[in-house]
Amino acid sequence: MRTLTKELQEKITPQEALDILKRGNQRFVNNLKENRNLLQQANDTRAGQWPFAVILSCIDSRTSAELIFDQGLGDIFSIRIAGNIINTDILGSMEFACKLSGAKLIVVLGHDNCGAIKGACDHVEMGNLTELLAKLQPAVYEEKTVTKAEERNSSNDKFVENVTLLNMKRSVKSIVSRSYILEQMVEKGEIDIIGAIHNLESGVVQFYEDAYVANKKDVTASLSEKKDLAAKAKA
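Positions in the sequence shown are counted from 1; adding 14 to them yields the working numbering.
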């Protein structure tokens, strides 16, 4: 498999980037791998890198993006943080990856049986972890299908699953709402943003079309509103 160059990266569309990841995950699930020379890729990318996608995933040791999408050195930017939350450092990294380095797709990748999500469901407090888990609480409170208080905790697999999905979708929306640079790139069709969930047992990554910022309607409306507000402020 060829190492990505600037020329190859520029030809990849956001949809093609998504298709590459889907095919890579299919190989992973079937215990297949692209024939690649990692040492050669390391040598080829020593002077520069041209990844086609950005993956925001959890720190969980079982969710290595390069492995579950069968990608080599220089193929993807991998951002990892417990609970795949969004903060300014994450957004800055994404802006670097897309605006300056040419990546075409952002994937927010959650996974089942997530320790951070379970901790948030149980309202765990411990050192610096307290502040991190607090960022997951909005997804916990947004989950309305489980109404009995005694069932709204990590012992309820369905509750944890629902919160995991809600947290992933909130992160996707947060990227667009908190980064004007990425919002503009989506509006122009330069990048897309999508959410996904990785099943640890099967290895399958399920992409969620309702967590896809490709149709750009909401983004376009948001940009229009911001422009109107800016015009009014100048008036």
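For glycine and all other residues, C-beta sits at the position ideal for the given N, C-alpha and C.
Under 8 Å by Cβ, that's how I've got residue i and residue j pegged, so tell me the actual separation to the nearest angstrom.
| i | j | result |
| --- | --- | --- |
| residue 111 | residue 66 | Wrong, their Cβ atoms sit about 10 Å apart, outside the cutoff. |
| residue 195 | residue 120 | Not quite, the Cβ-Cβ distance comes to about 12 Å (not below 8 Å), so this is no contact. |
| residue 79 | residue 123 | 7 Å |
| residue 164 | residue 173 | Contact doesn't hold; Cβ gap of about 11 Å is too wide. |
Going by the CB atoms, is the gap between residue j and residue i shorter than 7 Å?
| i | j | result |
| --- | --- | --- |
| residue 55 | residue 27 | no |
| residue 169 | residue 132 | no |
| residue 86 | residue 50 | yes |
| residue 127 | residue 83 | no |
| residue 186 | residue 197 | no |
| residue 125 | residue 59 | no |
| residue 94 | residue 71 | yes |
| residue 258 | residue 73 | The structure shown does not extend to residue 258, since the chain is modelled only from 15 to 249, so the question has no answer here. |
| residue 147 | residue 138 | yes |
| residue 201 | residue 176 | no |
| residue 188 | residue 90 | no |
| residue 64 | residue 25 | no |
| residue 192 | residue 105 | yes |
For residue i, count neighbouring Cβ atoms within 10 angstroms of its own Cβ and tell me buried if that reaches 16, exposed if not.
| i | result |
| --- | --- |
| residue 97 | buried |
| residue 220 | exposed |
| residue 130 | buried |
| residue 88 | buried |
| residue 13 | Any question about residue 13 goes unanswered here, given that the chain covers just 15 to 249. |
| residue 216 | exposed |
| residue 143 | exposed |
| residue 162 | exposed |
| residue 199 | buried |
| residue 108 | buried |
| residue 32 | buried |
| residue 81 | exposed |
| residue 10 | The structure shown does not extend to residue 10, since the chain is modelled only from 15 to 249, so the question has no answer here. |
| residue 35 | buried |
Quiz prompt | alpha helix (DSSP H) runs wholly inside the segment 116-147, at least 4 long, in chain order | solution = 129-135
Practice problem: Give a yes or no on contact between the segment 38-49 and the segment 172-186, applying the rule of three or more CB pairs nearer than 8 Å. | Solution: Counting C-beta pairs closer than 8 Å gives fewer than three between the segment 38-49 and the segment 172-186, which falls short of the contact rule.
Self-check item: Inter-stretch contact at 8 Å, needing at least 3 Cβ pairs: the segment 149-161 / the segment 210-220
Solution: With a cut-off of 8 Å, the segment 210-220 and the segment 149-161 do not count as touching, because too few Cβ pairs lie within range.
Quiz item: At what residue ranges does the segment 52-98 contain a whole run of the alpha helix (DSSP H), taking only runs of 4 or more?
Solution: 52-58 and 79-82, all fully within the segment 52-98.
Practice problem: Please list the segments of the beta strand (DSSP E) lying wholly inside the segment 172-238, counting only runs of 3 or more residues, in order along the chain. | Solution: 206-212 and 219-226
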